[in-house]
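The structure under discussion appears below in the form of structure tokens.
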Amino acid sequence: MTPSNMSLAAAPASANTSPDIAASQAQLKIEGLRRPAAAEWPTPYVEVDETRLARNMQAMQARADAAGLVMFPHVKTHKSIDLAKRQLALGARGITASKPSEALVFVQAGIPSIIVAYPIVNASSLDRLLPAVKAHGTQLRTIAASEMGVDALSTAAVRHGVDIGVFLKVDVGLGRVGLKPNDPAAIAVCQKIAAAPGLHFAGLLSHAGHSYAATDSENLAAVARTEAAAITGLAAMLKGLSIDVPCLSVGATPTCLGAPLQAVDCIRPGNYVFLDGTALRLGICSADDLALSVVARVVAANDTHFIIDAGSKTMSSDRGAHGMGGNGFGIVIGADAGSGAGVWTLERMSEEHGFVPAGGRTLPLGSRVRVFPNHSCATIANFDSFVLRRDEGEVLTLPVNARSCQT
1 MTPSNMSLAA APASANTSPD IAASQAQLKI EGLRRPAAAE WPTPYVEVDE TRLARNMQAM
61 QARADAAGLV MFPHVKTHKS IDLAKRQLAL GARGITASKP SEALVFVQAG IPSIIVAYPI
121 VNASSLDRLL PAVKAHGTQL RTIAASEMGV DALSTAAVRH GVDIGVFLKV DVGLGRVGLK
181 PNDPAAIAVC QKIAAAPGLH FAGLLSHAGH SYAATDSENL AAVARTEAAA ITGLAAMLKG
241 LSIDVPCLSV GATPTCLGAP LQAVDCIRPG NYVFLDGTAL RLGICSADDL ALSVVARVVA
301 ANDTHFIIDA GSKTMSSDRG AHGMGGNGFG IVIGADAGSG AGVWTLERMS EEHGFVPAGG
361 RTLPLGSRVR VFPNHSCATI ANFDSFVLRR DEGEVLTLPV NARSCQT
């Protein structure tokens with residue numbers, strides 16, 4: 001394998017280094033990033049450092065335990081049955097999935113409790129998932145943000161003879177899916193869930209995805225407080241109408257990791273297992289916490305750039321979660337012994353090639369590099385498998401089980 005124990009902080013910022021990465025270098029130690037990768041593994045491939053992975057998982061679970069909160073980590077980050085089972089072994093009560101087809105993979109793997117954080121508006125969307133839920137005895141909860149969604153969920157639940165817990169999805173600022181906490185429709189949808197055949201009201205669920213645009217720790221803390229105040233306030237209104245609110249669930253790695261945990265019941269962070277350049281930019285981790293990287297190879301060079309064999313079909317073209325990233329698409333370091341302490345930015349990409357400004361410090365053709373992406377979730381989704389690198393040098397290849405789930 002190529003160096004996976006490398007560190008970013010030791011290298012001086014160059015004129016080519018983005019402001020975000022320059023700031024990171026000024027504050028953080030990067031030594032831990034410089035560990036070699038597998039000797040003859042075909043590039044590009046994803047490598048996950050098991051030591052960092054385990055440390056990240058343990059730290060978040062301990063954080064939740066200390067606050068008295070249950071963990072339902074979001075598996076859209078890794079899409080791996082193996083990693084989901086590790087999260088459960090550490091104390092997670094279940095998992096969160098992005099859509100029914102993704103959830104199906106984990107139901108079939110025996111995960112006992114799953115939240116599908118996806119707005120169902122067509123009953124047939126659950127026709128593959130619900131028979132598996134019934135056969136495995138899985139506890140299933142999902143979300144609704146409209147009366148149409150409640151009707152679809154009820155139709156599906158009755159059709160398949162299952163009971164589904166349904167959260168009201170509350171929009172706390174991202175502006176994607178959900179009802180505003182002060183929208184009268186929020187109470188109406190909760191009442192409809194509670195009365196619908198095949199459903200029971202599970203509580204309130206939110207995602208403060210706009211926290212990825214935070215500028216500092218105070219901003220992150222403010223987002224977390226506002227989110228908690230929104231859903232606890234709505235919960236108080238519902239309880240005043242004699243509607244029990246069993247669970248208040250929030251989820252976003254920046255607020256769960258980078259801000260004081262709030263007085264809710266459940267957290268659903270996902271990115272915390274790998275972390276990435278966006279987490280580094282936000283200041284919620286150090287470079288030594290970055291567990292996922294892409295190992296690529298220098299295949300060409302010109303007067304301004306060296307070119308690697310990892311482009312948008314490897315890294316994705318996402319600069320960060322919800323498009324809220326920094327400059328470039330990742331942090332680049334040498335991944336072969338003796339490659340030096342240079343740190344570069346993956347500046348732009350075509351489909352199979354990445355452009356790295358050399359800044360007078362190019363690497364020889366054939367050299368391997370390690371790229372720490374701005375968005376690890378979008379990167380691993382481009383691969384059928386990943387390499388798990390252990391401290392003793394042992395290498396395991398694990399499948400990305402829930403990749404390419406289309407419905």
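Per full-length UniProt numbering: the sequence shown = residues 1 to 407. We put the CB at the ideal spot given by N, CA and C, even for glycine.
Original post:
Given that a residue counts as buried once 16 or more other Cβ atoms are within 10 Å of its Cβ, and exposed if not, what is S367?
Top reply: Counting the other CB atoms within 10 Å of its CB gives S367 a total of 16 or more, which places it among the buried residues.
Original post:
Can you tell which of N122, A92, W344 has the C-alpha that lies nearest to the C-alpha of A62?
Top reply: Of the candidates N122, A92, W344, the one whose C-alpha sits nearest the C-alpha of A62 is A92.
Original post:
Counting along the chain, where does the beta strand (DSSP E) carrying I115 start and finish?
Top reply: Per DSSP, I115 belongs to the beta strand (DSSP E) from 113-119.
Original post:
In this structure, does DSSP put I284 in helix, strand or coil?
Top reply: Reduced to three states, the DSSP call for I284 is coil.
Original post:
Taking the C-alpha atoms as reference points, what is the distance between S312 and G330?
Top reply: G330 has its alpha-carbon roughly 12 Å from the corresponding atom of S312.
Original post:
What did DSSP end up calling Q191 once you bin it into helix, strand or coil?
Top reply: In the structure shown, Q191 adopts helical secondary structure according to DSSP, grouped into three states.
**OP:** Kindly indicate which three-state DSSP category I95 falls into: helix, strand or coil?
**Re:** DSSP places I95 within a strand segment (E or B) once states are collapsed to three.
Subject >> 8 Å CB neighbourhood of A15 in its chain, flanking five on each side removed >> reply: Interpretation of A15 is limited by its pLDDT of 34, a score under 50 that renders its predicted location unreliable; the figure taken from the coordinates is listed afterwards. G359, listed in sequence order.
Subject >> Other residues of its chain near D148: CB distance less than 8 Å, five sequence neighbours each side excluded >> reply: Correcting the residue identity first, residue 148 is Met in this sequence and not Asp. Cβ within range, chain order: V121.
Subject >> Whole beta strand (DSSP E) elements within the UniProt domain "D-serine dehydratase-like" (291-390), 3-residue minimum >> reply: Unbroken beta strand (DSSP E) stretches of 3 residues or longer found wholly inside the UniProt domain "D-serine dehydratase-like" (291-390): 292-301, 305-308, 330-334, 343-345, 354-357, 368-373, 385-389, given in chain order.
Subject >> Spatial distance of G203 from L153 (CA atoms) >> reply: Approximately 16 Å, taken between the alpha carbons.
**OP:** Measure the Cβ-Cβ separation of V150 and L205 and say whether it is below 9 Å.
**Re:** In this structure, L205 does not lie closer than 9 Å to V150 by Cβ.
Original post:
How many whole angstroms separate the CB atoms of G94 and I115, which I take to be in contact at a CB cut-off of 8 Å?
Top reply: Confirmed, Cβ separation roughly 7 Å.
Original post:
Taking buried to mean at least 16 other C-beta atoms within 10 Å of its own C-beta, is G110 buried or exposed?
Top reply: By the neighbour-count rule (16 or more Cβ atoms within 10 Å), G110 is not buried but exposed.
Original post:
In its own chain, which residues sit with a C-beta less than 8 Å from the C-beta of F306, not counting the 5 before and 5 after it?
Top reply: If you ignore the 5 residues before and after F306, its C-beta comes within less than 8 Å of the C-beta of V298, A300, V356, A358, T362, L363, all in its own chain and listed in chain order.
Original post:
Can you tell which of K79, L241, L88, A89 has its C-alpha closest to the C-alpha of S101?
Top reply: For the residues K79, L241, L88, A89, the minimum Cα distance to S101 belongs to K79.
Original post:
What did DSSP end up calling T397 once you bin it into helix, strand or coil?
Top reply: In the three-state scheme derived from DSSP, where H, G and I count as helix and E and B as strand, T397 is classed as strand.
Original post:
Below 9 Å between beta carbons: does that hold for S146 and Y118?
Top reply: No, the Cβ-Cβ distance between S146 and Y118 is not below 9 Å.
**OP:** Whole angstroms is fine: what's the gap from T215's alpha carbon to A196's?
**Re:** Cα-Cα distance, rounded: 43 Å.
**OP:** Could you tell me the distance, in whole angstroms, from the CA atom of D295 to the CA atom of S242?
**Re:** Before going further, note that residue 295 is Val rather than Asp in the sequence given. Each residue's alpha carbon lies about 56 Å from the other.
Original post:
From E47 to V387, what distance separates their C-alpha atoms?
Top reply: E47 and V387 have their C-alpha atoms some 5 Å from each other.
Original post:
T345 and G328: beta carbons closer than 9 Å?
Top reply: Yes, the Cβ-Cβ distance between T345 and G328 is below 9 Å.
Original post:
D303: buried (16+ other C-beta within 10 angstroms of its C-beta) or exposed?
Top reply: Under a 10 Å Cβ-count criterion, D303 is classified as exposed, with fewer than 16 other Cβ atoms of the shown protein chains found around its own Cβ.
Original post:
Taking the continuous beta strand (DSSP E) assigned at Q139, which residues delimit it?
Top reply: Where Q139 is concerned, the enclosing beta strand (DSSP E) starts and stops at 139-144.
**OP:** Spell out the partners DSSP gives L205 in its beta bridges.
**Re:** Answer is K169, S249, bridged to L205.
Original post:
According to DSSP, which residues form a beta bridge with H74?
Top reply: Beta-bridge annotation (DSSP): H74 is paired with T96.
Original post:
Which residue from T253, A186, I284, H207 puts its Cα closest to that of L238?
Top reply: Checking every option, the nearest Cα to that of L238 belongs to A186.
Subject >> Beta-carbon proximity list for A378, same chain, < 7 Å, skipping 5 on both sides >> reply: Cβ within range, chain order: S316, D318.
Original post:
Apart from the five residues just before and just after S211, which ones in its own chain have a Cβ nearer than 7 Å to its Cβ?
Top reply: L220, V223, A252, P254, T255, listed in sequence order.
Original post:
Where do the ends of the alpha helix (DSSP H) carrying V223 lie?
Top reply: Counting along the chain, the alpha helix (DSSP H) containing V223 begins and ends at 217-240.
Subject >> Counterpart residues of H136 in DSSP-defined beta bridges >> reply: Paired residue(s): none; H136 is not in a bridge.
**OP:** Less than 8 Å between the CB atoms is what I'm expecting for K192 and V162, so what's the real figure, rounded?
**Re:** About 19 Å separates the two Cβ atoms, so there is no contact after all.
**OP:** Please report how far the alpha carbon of T278 lies from the alpha carbon of V371, in whole angstroms.
**Re:** Between T278 and V371, the alpha-carbon positions lie close to 13 Å from each other.
**OP:** Count the other CB atoms, across all protein chains shown, that sit within 10 Å of the CB of D82; report buried if there are 16 or more and exposed otherwise.
**Re:** Of the residues assessed, D82 falls on the exposed side of the cut-off, its CB having fewer than 16 other CB atoms within 10 angstroms.
Subject >> Status (buried if at least 16 other CB within 10 Å, exposed otherwise) for P73 >> reply: A residue is called buried once 16 or more other Cβ atoms fall within 10 Å of its Cβ, and P73 is buried on that count.
Original post:
How many Å lie between T155 and A188 at the Cα?
Top reply: A direct Cα-Cα distance of roughly 18 Å separates T155 from A188.
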